[in-house]
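Here the structure comes first, spelled out in structure tokens, and everything after it is commentary.
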Amino acid sequence: MASEIHRASTTAPVNIAVIKYWGKRDPKLNLPTNSSLSVTLSQSDLRTHTTASCSPTYTHDELILNGSSQDVSGARTQACFRELRTLRKQLETTNPSLPALSSMPLKIVSENNFPTAAGLASSAAGFAALVRSIANLYELPASPTELSRIARQGSGSACRSLFGGYVGWEQGSQPDGSDSLAFEVAPASHWPTMRAVILVVSAAKKGVSSTTGMQTTVATSSLFPVRANDTVPRRMAEMQTAIQERDFESFAKLTMMDSNSFHATCLDTWPPIFYLNDVSRAAIKAVEAINHAAGKIVAAYTFDAGPNAVVYFEEENEGIVAGALRKLVGEKEGWKGEAKSDDAVVEKVVKEA
Ligand code: DP6
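Structure, rendered in structure tokens:
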């Protein structure tokens with residue numbers, strides 16, 4: 002039938018790294034200079050919803066994000082399409098009765114329910130959802146690990162959004178990237194008391210993209226080699242132990258130190274890159290005050306390539322942590338301490354427009 006349309010949908014969650022990916026050893030394949038580790042905000046409403054369809058009636062590949070048409074000619078999107086089509090083609094070759102979806106144009110329709118490119122890892126959820134929706138459409142028997150290899154080529158951090166819970170991304174050593182894959186460190190159920198609050202300091206698009214920023218850092222920062230070759234490998238191991246042992250104080254200290262290390266290399270980049278702003282720094286101080294008042298570490302901040310803070314804490318400390326952060330935003334001129342809570346897992350405090 003000439004008018005047939007094949008369709009499949011999926012959603013993928015945002016992940017927030019506690020050991021950051023920053024630096025590529027191969028920009029084409031998105032192979033990183035260090036391993037990284039993230040927490041998937043799986044129970045939150047920060048997700049990308051994507052529907053992939055294909056039809057012989059379509060004239061060209063198309064990607065629509067939040068209602069507007071995107072350029073699909075970029076190498077990253079093309080790499081994902083190519084890899085997935087190759088896997089589908091293999092299925093069609095072994096089973097000729099299958100419809101020839103691999104030769105039909107694709108239409109991908111994606112919606113984020115959070116600000117795009119505001120340092121909220123939108124590309125991570127976006128490419129993870131894109132890859133899985135096409136894999137579902139093509140009925141590929143691919144594991145999350147195999148899909149992570151493909152999603153990585155769309156955006157590095159996307160490979161970690163194919164798993165829930167605590168997820169590592171092994172940097173690997175193969176030049177073709179076949180061993181640069183995501184892996185599960187622990188499922189979310191391993192640490193059911195873990196919570197995260199997100200302070201949306203700014204929903205504006207970030208100034209320096211991750212891709213450009215990390216390339217400049219690798220090329221110019223003298224702190225960077227120490228971070229990539231010494232600091233991060235050590236902390237990756239310590240972080241996995243902290244997670245296995247549900248040792249919040251170690252998890253939190255490593256998270257904060259790694260965020261600071263990453264932003265230090267940004268400042269050490271030439272020309273310097275600033276992702277944190279005054280409100281971000283106020284959030285750091287507020288977390289320090291919370292921990293000081295508690296007499297132990299009960300909260301951890303981390304910042305990606307943008308000013309928004311993600312603060313991790315355990316359920317039992319929700320009152321003191323959320324209360325202090327709400328006070329912080331309440332005190333800022335022009336800020337509204339408007340908290341939206343879903344199951345107390347993720348709370349967004351949004352700047353008044
Ligand atoms: C600071 O995955 O967005 O969020 O591979 O160039 O698309 P590309 O970069 P991207 O970088 C994320 C950087 C980070 C840290 C992290 O998520 O690990």
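In case it helps, the working numbering puts the sequence shown at residues 2 to 354. We treat Cβ as the ideally placed atom computed from N, Cα and C, and that holds for glycine. Values in this document were obtained by computation on a predicted structure and should not be read as measured data.
Self-check item: CA-to-CA distance, V312 to K201, given in whole angstroms
Solution: Sequence check: residue 201 is Val here, not Lys. Roughly 11 Å between the two C-alpha positions.
Quiz item: Apart from the five residues just before and just after K333, which ones in its own chain have a Cβ nearer than 8 Å to its Cβ?
Solution: Bear in mind that a pLDDT of 49 at K333, under 50, signals an unreliable position, so the number given afterwards is only what the model happens to contain. V280 and A283.
Quiz item: So what does DSSP say about A304, is it helix, strand or coil?
Solution: Before going on, a small fix: residue 304 reads as Phe here, not Ala. The answer is strand: DSSP assigns F304 an E or B state.
Quiz prompt | G157 CB to nearest heavy atom of the ligand DP6 below 6 Å | solution = yes
Exercise. May I have the straight-line CA-CA distance separating D180 from A143, to the nearest angstrom?
Key: 16 Å
Practice problem: Assuming A129 and L163 form a contact by the criterion Cβ under 8 Å, report the distance between their Cβ atoms to the nearest whole angstrom. | Solution: 5 Å
Quiz item: Nearest to Q175 by CA position, among A197, R150 and M195, is which residue?
Solution: R150
Exercise. State the DSSP-derived secondary structure class of A119, mapped to helix, strand or coil.
Key: Only weak support exists for where A119 lies, its pLDDT of 47 falling under 50; the coordinates are left without a value.
Self-check item: Residue burial classification, G324 (beta-carbon count within 10 angstroms, cutoff 16)
Solution: exposed
Quiz prompt | H264 - containing alpha helix (DSSP H), residue span | solution = F249 to L268
Quiz item: So what's A101 in DSSP terms, helix, strand or just coil?
Solution: coil
Quiz item: How long is the line joining the alpha carbons of S74 and T49, rounded to whole angstroms?
Solution: 21 Å
Quiz item: Which of helix, strand or coil does DSSP assign to E5?
Solution: coil
Quiz item: Buried or exposed: where does R133 fall if 16 or more other Cβ atoms within 10 Å of its Cβ makes it buried?
Solution: buried
Self-check item: Collapsed DSSP secondary structure at M165 in the structure displayed
Solution: Note that residue 165 is Gly in the sequence shown, not Met. Coil.
Exercise. Only counting runs of 3 or more residues, tell me where the beta strand (DSSP E) segments fall wholly within the segment 137–223, in order along the chain.
Key: 167–170, 183–187 and 195–201
Exercise. Could you tell me if the beta carbon of A290 falls within a distance shorter than 6 Å of some heavy atom in the ligand DP6?
Key: no
Quiz item: Any chance the segment 62–81 sits against the segment 33–42, with 3 or more Cβ pairs inside 8 Å?
Solution: no
Quiz item: According to DSSP, is T52 helix, strand or coil?
Solution: strand
Practice problem: Please confirm whether any heavy atom of the ligand DP6 lies closer than 6 Å to the CB of T212. | Solution: yes
Practice problem: Output the boundary residues of the beta strand (DSSP E) element that contains K25. | Solution: K25 to D27
Quiz item: Per DSSP, L107 forms a beta bridge with which residues?
Solution: C55
Self-check item: DSSP state of V40 mapped onto helix, strand, coil
Solution: strand
Exercise. Kindly indicate the opening and closing residues of the beta strand (DSSP E) around A310.
Key: A310 to E315
Quiz item: So the beta strand (DSSP E) N16 belongs to, where does it begin and stop?
Solution: N16 to I20
Practice problem: Return the CA-CA distance between V19 and A290, expressed in angstroms with no decimal places. | Solution: 21 Å
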